[in-house]
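Engineer: Before I ask anything, let me first share the structure, which is written out below as structure tokens.
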Amino acid sequence: MSSDRYPFSEIEAKWQGRWEERRQFRVSEDPGRPKFYCLEMFPYPSGRIHMGHVRVYAIGDLLARYKWMRGFNVLHPMGWDAFGLPAENAAIEHGVQPAIWTYENIANMKAQLRKMGISYDWDREVATCDPSYYKWQQLIFIKMLERGLAYRKRTMVNWCPSCQTVLANEQVEAGRCWRCDSEVTKREIDGWFFKITDYAEELLAWCDRLPGWPERVMTMQRNWIGKSEGAEFDLPVAGRPHLKIRIFTTRPDTAFGMTYAVLAPEHPLVDSLVADDGERARVSAFRTEVAKQSEVERTAEDRPKRGLRLGAKLVNPFNQAEIPLFIADYVLMTYGTGAIMAVPGEDERDWQFAEQHGLPIIETVKRPPGWPGGAYTGDGVKINSGFLDGLLIAEAKRKAIDWLVAKGLGTAKVNYRLRDWGISRQRYWGAPIPVVYCDKDGMVPEKEEHLPVVLPRDVQLSGKGGSPLAEVATFVNTTCPVCGGKARRETDTMDTFVDSSWYFLRYTSPRYEQGMFDSTAADYWMPVDQYIGGIEHAVLHLLYARFYTKVLRDLGLTKVDEPFKALLSQGMVIKDGAKMSKSKGNVVDPDDLIRTFGADTARLFSLFAAPPDKDLDWNDHGVEGASRFLNRVWRFVIANVDTLTRAPVTAAPASEAGRAFRRTIHETIKRVTDDIERDFHFNTAISAIMELVNAVYAFESASTAGAGAVPAAERAALLREAVETILLLLGPFSPHVTEELWAQLGHDTSLFKQSWPVVDTAALVRKEVTVILQVDGKVRSRLTVDIGAPEATIQQLALADAKVQPWLQGRAVERVVVVPNRLVNVVTRS
Ligand SMILES: [Zn+2]
Ligand SMILES: [Zn+2]
1 MSSDRYPFSE
11 IEAKWQGRWE
21 ERRQFRVSED
31 PGRPKFYCLE
41 MFPYPSGRIH
51 MGHVRVYAIG
61 DLLARYKWMR
71 GFNVLHPMGW
81 DAFGLPAENA
91 AIEHGVQPAI
101 WTYENIANMK
111 AQLRKMGISY
121 DWDREVATCD
131 PSYYKWQQLI
141 FIKMLERGLA
151 YRKRTMVNWC
161 PSCQTVLANE
171 QVEAGRCWRC
181 DSEVTKREID
191 GWFFKITDYA
201 EELLAWCDRL
211 PGWPERVMTM
221 QRNWIGKSEG
231 AEFDLPVAGR
241 PHLKIRIFTT
251 RPDTAFGMTY
261 AVLAPEHPLV
271 DSLVADDGER
281 ARVSAFRTEV
291 AKQSEVERTA
301 EDRPKRGLRL
311 GAKLVNPFNQ
321 AEIPLFIADY
331 VLMTYGTGAI
341 MAVPGEDERD
351 WQFAEQHGLP
361 IIETVKRPPG
371 WPGGAYTGDG
381 VKINSGFLDG
391 LLIAEAKRKA
401 IDWLVAKGLG
411 TAKVNYRLRD
421 WGISRQRYWG
431 APIPVVYCDK
441 DGMVPEKEEH
451 LPVVLPRDVQ
461 LSGKGGSPLA
471 EVATFVNTTC
481 PVCGGKARRE
491 TDTMDTFVDS
501 SWYFLRYTSP
511 RYEQGMFDST
521 AADYWMPVDQ
531 YIGGIEHAVL
541 HLLYARFYTK
551 VLRDLGLTKV
561 DEPFKALLSQ
571 GMVIKDGAKM
581 SKSKGNVVDP
591 DDLIRTFGAD
601 TARLFSLFAA
611 PPDKDLDWND
621 HGVEGASRFL
631 NRVWRFVIAN
641 VDTLTRAPVT
651 AAPASEAGRA
661 FRRTIHETIK
671 RVTDDIERDF
681 HFNTAISAIM
691 ELVNAVYAFE
701 SASTAGAGAV
711 PAAERAALLR
721 EAVETILLLL
731 GPFSPHVTEE
741 LWAQLGHDTS
751 LFKQSWPVVD
761 TAALVRKEVT
771 VILQVDGKVR
781 SRLTVDIGAP
791 EATIQQLALA
801 DAKVQPWLQG
811 RAVERVVVVP
821 NRLVNVVTRS
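Residues in the sequence shown are numbered consecutively from 1, following our numbering.
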């Protein structure tokens with residue numbers, strides 16, 4: 001490639017080595033300084049970093065280095081989300097042990113990250129597959145078990161036939177596995193759950209108290225928690241008053257409009273409602289059909305709702321009307337009570353179902369004028385509703401609930417869409433769940449002093465399904481912690497999202513051996529001040545980590561209510577219109593990029609090409625542009641290094657051109673600082689630095705001779721101030737080349753130990769101002785005058801202006817209006 005490139009390979013290796021030797025980014029608690037905990041989501045060690053990684057780590061490193069320069073004690077750690085399926089698949093396909101495969105990948109990726117020159121405190125590196133890490137999460141599991149926050153239950157679960165594992169609801173996207181995109185099926189299985197529902201209300205309440213999070217992520221979490229307030233009450237079966245169906249509704253005010261009721265096909269009372277073998281067979285066939293669909297499909301708004309009418313009828317307790325009863329796919333057993341009263345007048349899904357099945361529709365809210373028909377969900381006055389008539393909806397809801405309570409028929413009720421977190425995985429490469437099963441004592445937690453329950457390494461993986469650990473006799477066969485007799489270990493492992501729910505706490509004291517983490521360190525560093533990671537984690541990792549932190553708080557381990565004070569969700573890296581992926585063949589390998597252009601260019605481009613929350617569209621010209629810019633900075637400093645190092649320091653230029661140039665320097669400091677602080681506008685910050693570099697070249701060449709020339713000493717001093725400012729501002733974006741040039745200028749302490757430049761407000765003051773000249777309200781010219789020049793002087797200059805003069809030919813000046821520092825308008829008369 002072109003020979004005028006600066007020697008980036010040498011420089012980058014040199015400074016990576018120096019920073020490491022000096023242990024420059026190693027930190028400890030220092031109560032005397034403000035702290036800043038900067039954290040990028042830790043990666044899964046797939047073996048290679050990709051451009052998405054480059055982007056997110058460049059963002060994190062920019063913020064970390066910037067905060068260092070702002071005087072913060074910055075914690076910036078890195079580690080590995082090391083358990084998970086790919087290691088297991090590699091073992092099945094290639095016969096490599098998952099542990100060996102994983103640690104090799106970690107070594108490769110770490111070497112790649114080092115070449116990027118990120119300011120990590122590598123002393124704090126953790127890998128979640130290390131027994132010294134998962135030991136603590138086993139201990140917390142036992143504590144959660146004692147408090148009823150972890151429990152075992154037989155349930156219908158989402159099952160991925162391809163991954164051969166259970167998936168949490170959050171891991172099913174449109175009926176498909178989030179990992180491999182296979183269609184998800186159902187399976188009944190014993191599994192372990194964390195009671196995240198106990199924290200639903202608190203998780204929801206805090207969604208309003210985290211202003212540093214993107215609103216769209218908070219909205220996704222609120223919707224996922226899905227709080228709804230309403231009532232629960234019983235509908236007796238007609239002719240069998242002892243048999244009652246409990247329903248949940250968010251609209252008890254619409255009870256008089258109930259024209260049928262629906263049970264989830266899986267509802268346990270369905271079997272006792274069927275009248276004969278014929279109906280039983282129809283129900284069974286219907287259930288089989290429904291079982292093929294995912295919950296998402298069943299509740300999708302745009303598809304026909306399927307239902308089966310039962311022979312039994314129910315009684316509406318509000319008006320004693322007998323109504324038909326259905327089982328239908330759009331009602332889920334996992335929401336509310338698995339049974340609903342259907343009010344087609346005020347519910348869109350019920351309306352569609354009623355239309356399809358020819359059921360009556362009663363309106364219970366007066367429609368606004370011009371209403372086109374269909375279900376009405378807005379506010380209005382109650383009609384056709386007995387004792388509720390004439391009320392508005394909110395009051396009618398309250399009154400309906402009061403009536404139910406007074407009659408002993410029901411209660412007010414809050415429901416959440418959030419389900420408990422299923423954490424069992426029938427996989428090998430995960431943290432073992434620390435319980436045993438004894439014939440005599442049943443399920444017993446492992447003793448604390450026996451932790452960690454270590455995952456055995458010598459395991460033959462067949463990929464045939466079921467828990468691989470069940471095949472490992474040395475692991476399974478153990479002794480009961482209570483009676484000392486024979487017992488079997490649990491062979492499920494924990495969902496890897498448990499591992500990632502507390503790694504940020506472990507980073508605060510990664511080698512601590514007396515517990516999960518040292519509270520003193522955690523109290524100093526937590527919460528994470530800036531968390532950076534993809535939007536795809538909006539309801540998975542980000543909700544689990546919030547929950548787990550609250551559990552740890554309630555166990556007395558940490559004082560924080562929330563783990564992440566602020567979140568930045570970066571966009572994807574796309575190329576040729578699609579996300580970079582091997583299958584699309586549009587991958588740019590960071591190693592190639594760093595080899596050809598250097599890490600500084602790769603980082604600068606990824607920060608410049610798009611604001612961090614938007615998708616970054618890859619283009620080679622952009623990379624070349626970033627490279628040219630760094631070369632331009634390099635060339636200027638190297639060419640002028642003698643002048644610059646010998647230049648005096650001055651803050652008060654005497655010449656007008658000098659003052660204007662210094663104003664540009666300080667305006668740039670202000671712009672770059674504001675852009676980083678506010679909304680992370682790194683791309684416009686870089687533009688501002690580029691403009692300053694242009695101004696430096698212009699100032700250096702334009703001011704050497706002639707009228708308006710700047711004295712040589714002043715010129716050198718200003719160029720030095722400008723160049724040093726550029727290096728300080730550009731440092732967090734492209735740290736190696738700036739650190740090298742900083743040293744070339746004769747500084748012997750690191751650029752990143754300097755203070756971030758401060759705006760000299762005096763330099764921002766303009767001494768001159770541009771005034772617009774108008775004739776009869778039309779702009780004809782512009783004039784540069786001293787700020788606060790007398791009106792008479794301005795008037796004189798305006799009338800004498802060469803571009804104004806022609807417009808005054810043959811006309812008399814009636815008056816001249818002067819708006820100080822802004823405009824002059826000459827009013828004429830012919
Ligand atoms: Zn799958
Ligand atoms: Zn026992």
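Built from N, CA and C at the ideal position, the CB exists for glycine as well.
Say the cut is 8 angstroms; is the CB of R48 nearer than that to a heavy atom of ligand 1?
Structural biologist: no
Engineer: Please go through the segment 431–515 and give each complete beta strand (DSSP E) segment of 3 or more residues, from N-terminal end onward.
Structural biologist: 435–438, 442–445, 477–479, 486–489
Engineer: Measuring alpha carbon to alpha carbon, tell me which residue in I665, V623, E700 is nearest F636.
Structural biologist: It is E700.
Engineer: Alpha carbon to alpha carbon, what distance is there between K135 and L604?
Structural biologist: 40 angstroms
Engineer: Would V847 be called buried (16 or more neighbouring beta carbons within 10 Å of its own) or exposed?
Structural biologist: The shown model of the chain, from 1 to 830, leaves out residue 847, and the question about it has no answer.
Engineer: Kindly list the residues whose CB is nearer than 6 angstroms to the CB of A238, restricted to its own chain and excluding five residues on each side of it in sequence; keep chain order.
Structural biologist: K313, V315, E322
Engineer: Which residue from A743, K670, T299, P324 puts its Cα closest to that of T761?
Structural biologist: Among A743, K670, T299, P324, the Cα nearest to that of T761 belongs to K670.
Engineer: How about P711 and S755: are their beta carbons less than 9 angstroms apart?
Structural biologist: Using a Cβ distance threshold of 9 angstroms, P711 and S755 do not count as a contacting pair.
Engineer: Let me check understanding here. Comparing Cα to Cα, which of A150, T664, R147, P98 lies closest to C129?
Structural biologist: P98
Engineer: In chain order, what residues of the same chain have a beta carbon less than 6 angstroms from the beta carbon of D529, not counting five sequence neighbours either side?
Structural biologist: Excluding residues within five positions, the ones whose Cβ falls inside 6 angstroms are F36, Y37, K565.
Engineer: Expressed to the nearest angstrom, what Euclidean distance is found between the alpha-carbon atoms of R595 and E10?
Structural biologist: 11 angstroms
Engineer: Do the CB positions of V435 and V296 come within less than 9 angstroms of each other?
Structural biologist: no
Engineer: Classify Q796: buried if its beta carbon has 16 or more other beta carbons within 10 angstroms, exposed otherwise.
Structural biologist: With fewer than 16 neighbouring CB atoms inside 10 Å of its own CB, Q796 falls in the exposed class.
Engineer: Just to confirm my understanding: we take K227, look at its own chain, exclude 5 residues before and 5 after, and list those with CB closer than 6 angstroms. What are they?
Structural biologist: L204, Y416
Engineer: My understanding is that A91 touches P45, with C-beta atoms under 8 angstroms, so please give their C-beta distance in whole angstroms.
Structural biologist: Cβ-Cβ separation between A91 and P45: approximately 14 angstroms, too far for a contact (criterion under 8 angstroms).
Engineer: Does the beta-carbon of V649 have 16 or more other beta-carbons within 10 angstroms, so that it is buried, or is it exposed?
Structural biologist: By the Cβ neighbour-count rule, V649 is exposed, with fewer than 16 other Cβ atoms within 10 Å of its own.
Engineer: Report the rounded CA-to-CA distance for I433 versus K14, giving the unit in angstroms.
Structural biologist: Roughly 46 angstroms between the two C-alpha positions.
Engineer: Should D253 be counted as a contact of ligand 2 given a C-beta to heavy atom distance under 8 angstroms?
Structural biologist: no
Engineer: With a threshold of 7 angstroms on Cβ separation, who are the neighbours of Y199 within its own chain once the five nearest residues in sequence on each side are excluded?
Structural biologist: F547, K550
Engineer: Within the continuous alpha helix (DSSP H) that includes Q774, where are the two ends?
Structural biologist: No alpha helix (DSSP H) holds Q774; the beta strand (DSSP E) holding it covers 768–775.
Engineer: Looking at the secondary structure, which residues open and close the alpha helix (DSSP H) in which F733 lies?
Structural biologist: Careful: F733 lies outside any alpha helix (DSSP H) and carries neither H nor E.
Engineer: Is it a yes or a no for the segment 57–67 touching the segment 113–133, going by three-plus beta-carbon pairs under 8 angstroms?
Structural biologist: At 8 angstroms Cβ cutoff, the stretches touch.
Engineer: Quick one: measure Cβ to Cβ for L409 and K399, integer angstroms, because I've assumed they're closer than 8 angstroms.
Structural biologist: L409 to K399, Cβ: 14 angstroms. No contact.
Engineer: Three or more beta-carbon pairs under 8 angstroms between the segment 255–263 and the segment 352–361, yes or no?
Structural biologist: yes
Engineer: Does any CB atom of chain C fall closer than 9 angstroms to the CB of I11?
Structural biologist: Included in the structure is just one protein chain, with no chain C present.
Engineer: Counting beta carbon pairs with one atom in the segment 490–510 and one in the segment 414–430, are three or more of them shorter than 8 angstroms?
Structural biologist: Under the Cβ criterion (8 angstroms, minimum of three pairs), the segment 414–430 counts as touching the segment 490–510.
Engineer: Tell me which residues share the same chain as R309 and place their Cβ nearer than 7 angstroms to its Cβ, disregarding the 5 neighbours each side in the sequence.
Structural biologist: P324, F326
Engineer: Can you tell me whether D208 is helix, strand or coil according to DSSP?
Structural biologist: coil
Engineer: Under the DSSP definition of a beta bridge, which residues are partnered with K413?
Structural biologist: G230
Engineer: I'd like the span of the alpha helix (DSSP H) that includes W882, first residue to last.
Structural biologist: Nothing in the structure corresponds to residue 882, since the chain is present only between 1 and 830.
Engineer: For a test of your reading of the model: does the CB of C163 fall under 8 angstroms from any non-hydrogen atom of ligand 1? Yes or no.
Structural biologist: yes
Engineer: Using only Cβ atoms and a threshold of 7 angstroms, which residues come within that distance of a heavy atom of ligand 2? Order them by chain position.
Structural biologist: C438, K440, D441, V444, C480, V482, C483, G485, A487
Engineer: Could you please give me the residues that DSSP links to R425 through a beta bridge?
Structural biologist: T493
Engineer: Can you give the Cα-Cα distance for G918 and N586, rounded to whole angstroms?
Structural biologist: Absent from the model: residue 918. The displayed extent of the chain is 1 to 830, so no value can be given.
Engineer: How would you write the range of the beta strand (DSSP E) that G52 sits in, first residue to last?
Structural biologist: Taken as a continuous stretch (DSSP letters only), G52 belongs to no beta strand (DSSP E), being part of the alpha helix (DSSP H) at 51–69.
Engineer: I want to check one thing, is the minimum distance from the CB of D181 to the heavy atoms of ligand 1 below 8 angstroms?
Structural biologist: yes
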